[in-house]
Amino acid sequence: MQPKALVLFGDGINCEDETIFALIEVGFSASLVHVTDLLNNSKCLDTCQLFIVPGGFSFADEIRSGKVLALKLKDKLLSQLTQFIDQGKFLFGICNGFQVLTSLGLLPDLSFGPHTTALARNQTGKFSNHWVKMLVNENIKSPFLKDLKTMTLPTRHGEGRLVVAPEIVSSVKQLACLRYENNFNGSFDSIAALTNKKGNVFGIMPHPEAFIRWSQHPAWTSLYKDDNDLLNKSPDGLVFFRNAFNALQ
Amino acid sequence: MPRQITNETRTRIVALSKEDISKLSLPLLAVVTPKELKKQELLALPAYWLQLVDPTTSALEQNLTPIIDILTEVLTESLLEDLWVSFTENLAPWEEKWKKAGFIQWSEKQFLPGVTDSSAHVVEEALSLQNMPLQFRVASGTIYLTSETKAFINSEYRLYHPVVERFQTHDLLSPQVNYFHFPTVLLDRTPAPETVDLNVSDEELLSISRTRILALTLDEMRAIKAYYVNSKTISERTKTKLTQWPTDAELEVIAQTWSEHCKHKIFNADISMQEIGSDNNIKNSNIKSLYKSYIQKATKELGNKRKDLLSVFKDNSGVVKWNDKFAICFKVETHNSPSALEPYGGALTGILGVNRDILGTGLGAKPIFNTDILCFAYPSEDLPKRPKLLPPQSIIEGVRQGIQDGGNNSGIPTVNGAIVFDPKYRAKPLVFCGTGGIMPLYVAGVCAYEKHTHPGDTIVMAGGRVGKDGIHGATFSSEALHEGSPVTAVQIGDPFTQKRLIDFILAARDAGLITGLTDNGAGGLSSSVGEMATITNGASINLDHVPTKYPGLAAWEMIISESQERMTLSTNNFSSLQTLAKKYNVEISAIGEFNTSGKFTVKHLDKTIVSLDLDFLHNGVPSLQLEAVWKKDKPSIKTKPSEKAMNISALLLELLAHPNICNREQVIRQYDHEVQGASVIKPLMGKNQLAACDAAVITPVLGEPTGLAISNGICPQLSSYDPYFMAQAALDEAIRNAVCVGADPKTISVLDNFCWPDPVTSSNNPDGAKYLGALVRTCQGLYDSALIMETPLISGKDSMKNDFDDGEIRLSIPPTLLISAIGKVPDINYCLSSEFKKEEDYIFLLSAGTLGLNGSVLSNILDCPDLLASIDLQKANILYQKLFESINNKLVNSAHDISDGGLLVNISESIIGSGLGANINLSALLENSSPYNRIATYFASQLALTKTLPAFLLFAEGPGQIVVTVSAKSKEQFLHHMKGQNVLLIGEVTNTNELTISTIDNKALYKWPTTALLKAWTTPLALS
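Quick mapping for you: the protein sequence lines, in order, are chains A and B.
Residues 991 to 1239 in the working numbering are what the first sequence spells out, letter by letter.
Residues 822 to 1845 in the working numbering are what the second sequence spells out, letter by letter.
Laid out in structure tokens, this is it:
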């Protein structure tokens, strides 16, 4: 059966279209759900195997990125999302979505309790859009990073510096799926992506949906000249989504 | 006692005394404080003032504990921060703590009453999500703490902006108790509508125009008077029980509609032009409407060749066909005057405004890219200082931040742009905000790029509410800035509210619920409803149904308010529209109906206060009669070049670090240029992400190989030499940039944006005729060039009063034409970036013009001989076509236009972007066919100057020049294809990590390590 993905939109989320496109590219049946509709009918989560809170500027990043959307989802949806995770279904948060899932306490893991991790303002104090290389933590064996040793993706955030409460430092290191090669935002342990203990919730600051064709890479016009075989290889973002698809097959 | 919520108190909150609770009608101040309060030079803490919406709420019954808990939950991340909460009247205990922590002063900053506070709106929504037992109004701001005495000196424009914010400093060593309270808009009772008697002298007519900020001329005031004494008007007004003379609301509606901003009176004026040739021959001519004679005419004449033009010069943006399913639309606006007064709000509302132009095209288009071109005075320049002229740095930083928030928060990528510095932009900064969009050709069975408003359709206002903000924006932009410019003309945008509005409108469009729409920009409802009324020939609105931000607005203010984030829609199914709006959290109101009455009528409190003939409103403005003079200045005497001109090595590095050339990375990185997933050619490319690209490319339809190139051309430095040439060069630059990344020149469409100093002569503007002469020459240049290049103009805008005049000094910008281009790339896989790709590639110079020194960046840093570049557009047209074909045949590895700084800057940029090197052969540049030959010959005759030849040669600038690299394998095929074109082999790419200039026998004359070029080019712009 074709796996189904739901992608959240509305309230300032803005990466929903390219996220849907990436999902369809790798074989998902994917559709959008508006925050209002999801809150009115959380049952629609039953119909999907993957739920994504994509990137964007929900509530204009006011107060703290992801904070207000998390507050909005918390009351009516937290228990449904917990159930969703317990069923082993996949939940992704990308960039602003990662901030939302962290704010909800779903990442790194519900068992750590609320307010134990946060994504704070970058060390530079600035938003930055540039491409970064990340190293895969192969100890974790995240199904979504299968066959990847490194990932190169664009970052587009001002608040991606992971901060962790002292008591869970070592546990969080165990859940760090990706680390920046160059820790530009001052993130704890250079962490760029986290998973939960069960391995089915995944949060990532850079944007996998923004690298699903080679011509999205900033050096693609050079890479084409260097490597004739380039087009036969999959861009890192596409591999990520395809891994999710394969894990559901 | 103030409540300070620390970790301890969070777990065991002390109950408030009865006394405390009874104070609840006083505002609370909540400050987000880091867990560890460390002494530092400047610490900025988010602050929120809260006031009960209903002060009579039974506060005494309430326990504050849950309220403070909710505030803490909403406003802080408890891992990092605490929330301090106190009544604003007693902050002494905080001051004690701050003093203990080592701070010596603190400041509080909040918005002035009535200024859009989008942060506060989100907090209010968040509090309501948390079931807050009491409803609070929120105001956001900042508390600054400092341990240094100097931190708050000169804080104006640095820490706060006096036009929109208030700021006060408190000394911790000798505290005072005058703290800010909640900023509340207090208006007197709603002013009653007035009637304005026009049966007065000419002087008094002008005085009415001036005191009411109508910006109407005497002719226009007389035309209005004539309308009201017309017997037909009188009899109709008697029937509708209206006063004979206009209501204040009617005058305002006419003034907005007739404003330069809305009616483009200068572009439609009758102009008598006098051209004085260099031999003092005088040629006189008359021009009826520059717009009809040149701009529109060029496009009409190209109409046969360009079947893709779907809607030009009639909607909010120009629309071209993209493929069998979609159309692309494009618009560039300016927001100069608001940005001069309040740069952040000015730029932000500029972006959001042009986004709404796209959203309001046809039945609605989705914004898919922003492109922003900015003209500033050099940040370091010793510039005139006047009370109303902001420091250049604060203008630049404010505008940059506005563009960042406008694009990023709306999810629209800022894909391309330019920053141009010239001391003359001290008069006004130019902020060109461009947006492109995509729409289906058909939606719900009807053509989507047309409007289908029918009589009987409901008039709907959607989005934000109406306030005093932005009143007189349209008329104010039609005046020079002066000391008395109204602060109500300044607004701050709310991208979040608008993003919800965009999502809603696109959903409503797809559901077939919209029959027409337009944005509420300049002139507010008066313009949006007034314009849409021409579709059905009539509209009637009732102000009682218009939601306002606060009570007390006069009727005329509600009609012309430019409060942001609003669209005006027509629908034949309001109830379904309302259901959808609720889902998208957008407020909509039915405020009237379109009809066939021939009139625009407005009701307020059951009385008709506006009833104007649409024909008079839209066609009644008398044509301006203007004088223009154009005199070609004689070339000035050649200056003797300084010693500096001999030092090529140092000059190249100085040019690379010049503000008009250096790396823009610190600006670009703060703009999201990739959201929506369509990015192909980014502002910075290459393995080190430092190759500055000539144009952007995106894929408007995800998954399809066709790309859309976006580029700009702007060269105001040429306008003082020859405005006709400026137009040629600007159009050439936009096209050339697009071709460099792979666009098909035959598919390019452009927008024209004119920003001019006041071209109407008056007692305080003696140069008006000269500027109008320059405008005529520019339009002529643009018309001729567009026809030769076969490039239709699809939309445009003009901003005609870019002067500063406070009675003491008058400053004017240089006449500035921006050309913005969109074109098709047949297959994005053939796109090119500007950096070199492979060592041993050949470097070719393609040329369709000659080079010059007038207006060059070099001429900014040393005296240069008087020599103007030129372009042969016929040749350029063929050259670009051939280059496009070569790129499509994969014969070219890189392409980069020669622009500011000339050849060596161009080569340096391609080296920096690639990390490779290059060797340039000087002798090749002196060949007969070289565009440099003219300069060489020019100087050869002047022995005294020959020594300095290379400087003037290597840094000369001119249109029509492109540097490309070609691999050895493709060289023959490339040359074969380019046969007949001016193609010059000037060097090769090397792996030596240096740039060398050598003679024909390969003797290196000059040498720069790539690291030195990189260091010079990455000199940061002194932005703040």
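Idealized CB from N, CA, C, for every residue including glycine.
List the DSSP bridge partners of B/Glu1448.
-> Working through the second sequence from its first residue, we reach residue 1448 of chain B at position 627. Partner(s): B/Ser1093.
Would a C-beta distance cut-off of 9 Å place B/Ala1757 and B/Leu1747 closer than the cut-off?
-> Residue 1757 of chain B sits at position 936 when you count from the first residue of the second sequence. Residue 1747 of chain B sits at position 926 when you count from the first residue of the second sequence. With a cutoff of 9 Å on beta-carbon distance, B/Ala1757 and B/Leu1747 are scored as near each other.
In terms of residues, what are the limits of the alpha helix (DSSP H) holding B/His1273?
-> Here the question's residue 1273 of chain B lines up with position 452 in the second sequence. Per DSSP, B/His1273 belongs to no alpha helix (DSSP H) and is neither H nor E.
Nearest-angstrom Cα distance between B/Ala960 and B/Ile1055?
-> Within the second sequence, the letter at position 139 stands for residue 960 of chain B. Within the second sequence, the letter at position 234 stands for residue 1055 of chain B. The alpha-carbon atoms of B/Ala960 and B/Ile1055 are separated by roughly 49 Å.
In this structure, does DSSP put A/Pro1144 in helix, strand or coil?
-> Counted from its first residue, the first sequence places residue 1144 of chain A at position 154. Three-state result, A/Pro1144: strand.
A/Leu1135 burial status per 10 Å Cβ neighbour count (16 or more: buried) = On the first sequence, position 145 is the one that residue 1135 of chain A refers to. So A/Leu1135 ends up on the buried side.
What in chain B is Cβ-close to A/Asp1007, meaning under 8 Å?
-> To locate residue 1007 of chain A, count along the first sequence from 1; it is residue 17. Contact annotation for A/Asp1007 against chain B: Gln1497, Gly1498, Leu1523 [CB-CB distance below 8 Å, chain order].
Apart from the five residues just before and just after B/Asp1136, which ones in its own chain have a Cβ nearer than 7 Å to its Cβ?
-> Position 315 of the second sequence, counting from 1, holds the residue named residue 1136 of chain B. Excluding sequence neighbours, B/Asp1136 sits near Thr1182, Gly1183.
CB-CB under 6 Å to B/Asn1727, same chain, minus the five flanking residues each way: which ones, in chain order?
-> Here residue 1727 of chain B corresponds to residue number 906 of the second sequence, with the count starting at 1. Here B/Asn1727 has His1717, Ile1719, Val1784 as same chain residues with Cβ atoms under 6 Å from its own Cβ, once five neighbours each way along the sequence are excluded.
Give a yes or no on whether the C-beta atoms belonging to B/Asn1574 and B/Phe1253 are separated by under 9 Å.
-> As a first step, residue 1574 of chain B is located in the second sequence; it is residue number 753 there, counting from the start. As a first step, residue 1253 of chain B is located in the second sequence; it is residue number 432 there, counting from the start. Cβ distance < 9 Å, so B/Asn1574 and B/Phe1253 count as in contact.
Mind checking who A/Trp1121 pairs with in its DSSP beta bridge?
-> Your numbering for residue 1121 of chain A matches position 131 in the first sequence. Per the DSSP secondary-structure output, A/Trp1121 pairs in a beta bridge with A/Pro1144.
Rounded to a whole number of angstroms, what is the C-alpha to C-alpha distance between B/Tyr1827 and B/Lys1659?
-> Taking the first residue of the second sequence as 1, we reach residue 1827 of chain B at position 1006. Taking the first residue of the second sequence as 1, we reach residue 1659 of chain B at position 838. Spanning the two alpha carbons is a distance of roughly 22 Å.
Give a yes or no on whether the minimum CB-CB distance between B/Val1308 and chain A is below 9 Å.
-> Counting from one through the second sequence, the residue named residue 1308 of chain B turns up at place 487. Here the model assigns B/Val1308 a pLDDT of 49, short of 50, so the residue's position is not dependable and the matter cannot be decided.
Output yes if chain B places a C-beta closer than 9 Å to the C-beta of A/Ala1108; else output no.
-> By 1-based counting over the first sequence, the position of residue 1108 of chain A is 118. Yes - at least one Cβ of chain B is within 9 Å of the one on A/Ala1108.
Mind listing the chain A neighbours of B/Asn1710? Cutoff is C-beta to C-beta under 7 Å, in chain order.
-> Along the second sequence, one-based indexing puts residue 1710 of chain B at 889. Correct list: empty, because the minimum Cβ distance to chain A is about 15 Å.
B/Val1133: buried (16+ other C-beta within 10 angstroms of its C-beta) or exposed?
-> Looking up residue 1133 of chain B in the second sequence gives position 312. Counting Cβ neighbours within 10 Å, B/Val1133 comes out buried, since at least 16 surround it.
Can you tell me the Cα-Cα spacing of B/Arg831 and A/Thr1211, whole angstroms?
-> Within the second sequence, numbered from 1, the residue matching residue 831 of chain B stands at position 10. Within the first sequence, numbered from 1, the residue matching residue 1211 of chain A stands at position 221. Since pLDDT at B/Arg831 reaches only 34, below the 50 mark, its modelled position is unreliable, and the value read off the structure follows with that caveat. Cα-Cα distance, rounded: 56 Å.
Where does B/Leu1737 fall in DSSP's three states?
-> Walking along the second sequence from the start, residue 1737 of chain B turns up at place 916. Correct three-state label for B/Leu1737: coil.
Measure the C-alpha to C-alpha separation of B/Pro855 and B/Leu1169 and round it to an integer number of angstroms.
-> Counted from its first residue, the second sequence places residue 855 of chain B at position 34. Counted from its first residue, the second sequence places residue 1169 of chain B at position 348. Near 30 Å, if we compare the C-alpha coordinates of B/Leu1169 and B/Pro855.
To the nearest angstrom, report how far apart B/Phe1760 and B/Ala1777 are at their CA atoms.
-> Within the second sequence, residue 1760 of chain B is the residue found at index 939, counting from 1. Within the second sequence, residue 1777 of chain B is the residue found at index 956, counting from 1. Going by the C-alpha atoms only, they are around 13 Å apart.
Residue-level contact to chain B via CB, A/Arg1212, 9 Å cutoff | Taking the first residue of the first sequence as 1, we reach residue 1212 of chain A at position 222. In the sequence as displayed, the identity of residue 1212 of chain A is Ser instead of Arg. Yes, contact with chain B.
Name the chain A residues that come within less than 7 Å of B/Asp1324, Cβ to Cβ?
-> Locating residue 1324 of chain B in the second sequence gives position 503, counting from the first residue. The contacting residues are Gly1000.
Would you call A/Met1141 buried or exposed, if buried means 16 or more other Cβ atoms sit within 10 Å of its Cβ?
-> Within the first sequence, residue 1141 of chain A is the residue found at index 151, counting from 1. With 16 or more Cβ atoms within 10 Å of its Cβ, A/Met1141 is classed as buried.
State yes or no: is the beta carbon of A/Gln1077 nearer than 9 Å to at least one beta carbon in chain B?
-> For the purposes of this step, residue 1077 of chain A is taken as the residue at position 87 of the first sequence. Cβ-Cβ to chain B under 9 Å: no for A/Gln1077.
Quick one: is B/Lys859 near chain A, going by C-beta distance under 9 Å?
-> Here residue 859 of chain B corresponds to residue number 38 of the second sequence, with the count starting at 1. Chain A has no Cβ within less than 9 Å of the Cβ of B/Lys859.
Three-state class that DSSP yields for B/Trp1577 in the structure shown | As a position in the second sequence, residue 1577 of chain B is number 756, starting the count at 1. DSSP, read as helix, strand or coil, puts B/Trp1577 in coil.
B/Asn1358 versus B/Phe1421: straight-line alpha-carbon distance, rounded | Start at 1 with the first residue of the second sequence, and residue 1358 of chain B comes out as number 537. Start at 1 with the first residue of the second sequence, and residue 1421 of chain B comes out as number 600. Cα to Cα, the separation comes out at about 9 Å.
Residues in the stretch 1031 to 1057 of chain A having any Cβ partner in chain B nearer than 8 Å = So the close ones are Gly1045, Gly1046, Phe1047, Phe1049, Ala1050, Asp1051, Glu1052, Ile1053, Arg1054, Lys1057.
Determine, using beta carbons only, whether A/Val1191 and A/Phe1082 come nearer to each other than 9 Å.
-> Taking the first sequence and counting its residues from 1, the one referred to as residue 1191 of chain A is at position 201. Taking the first sequence and counting its residues from 1, the one referred to as residue 1082 of chain A is at position 92. Closer than 9 Å, so yes.
Closest by CA to A/Glu1008, which one among A/Gly1095, A/Gly1045, A/Asp1036?
-> Walking along the first sequence from the start, residue 1008 of chain A turns up at place 18. The residue with the shortest Cα to Cα distance from A/Glu1008 is A/Gly1045.
Could you pull out every residue in the same chain whose Cβ sits closer than 7 Å to the Cβ of B/Asn1363, ignoring the five residues on either side in sequence?
-> Here residue 1363 of chain B is taken as the residue at index 542 of the second sequence, counted from 1. Excluding residues up to 5 positions away in sequence, Ile1412, Gly1413, Lys1424 lie with their Cβ nearer than 7 Å to the Cβ of B/Asn1363 in the same chain.
Three-state secondary structure (DSSP) of B/Asn1440 | As a first step, residue 1440 of chain B must be located in the second sequence, where it is residue number 619. In the structure shown, B/Asn1440 sits in a helix (DSSP, three-state: H, G or I).
Find the residues of chain B that neighbour A/Phe1102, judging by a C-beta separation of less than 7 Å, and give them in chain order.
-> By one-based count along the first sequence, residue 1102 of chain A stands at place 112. Within chain B, no C-beta atom comes less than 7 Å from the C-beta of A/Phe1102; the nearest is roughly 11 Å away.
Cα-Cα separation between B/Ile891 and B/Thr897, rounded to whole angstroms = Counting from 1 along the second sequence, the entry for residue 891 of chain B is found at position 70. Counting from 1 along the second sequence, the entry for residue 897 of chain B is found at position 76. Near 10 Å, if we compare the C-alpha coordinates of B/Thr897 and B/Ile891.
Can you give me the start and stop residues for the beta strand (DSSP E) that B/Arg1177 sits inside?
-> By one-based count along the second sequence, residue 1177 of chain B stands at place 356. Boundaries for B/Arg1177: no beta strand (DSSP E) harbours it, while the alpha helix (DSSP H) harbouring it runs 1164 to 1180, taken from the DSSP string.
Using 8 Å as the threshold, is the stretch 1651 to 1658 of chain B in touch with the stretch 1511 to 1518 of chain B, meaning 3 or more CB pairs across them?
-> The stretch 1651 to 1658 of chain B makes contact with the stretch 1511 to 1518 of chain B, as at least three CB pairs between them are under 8 Å.
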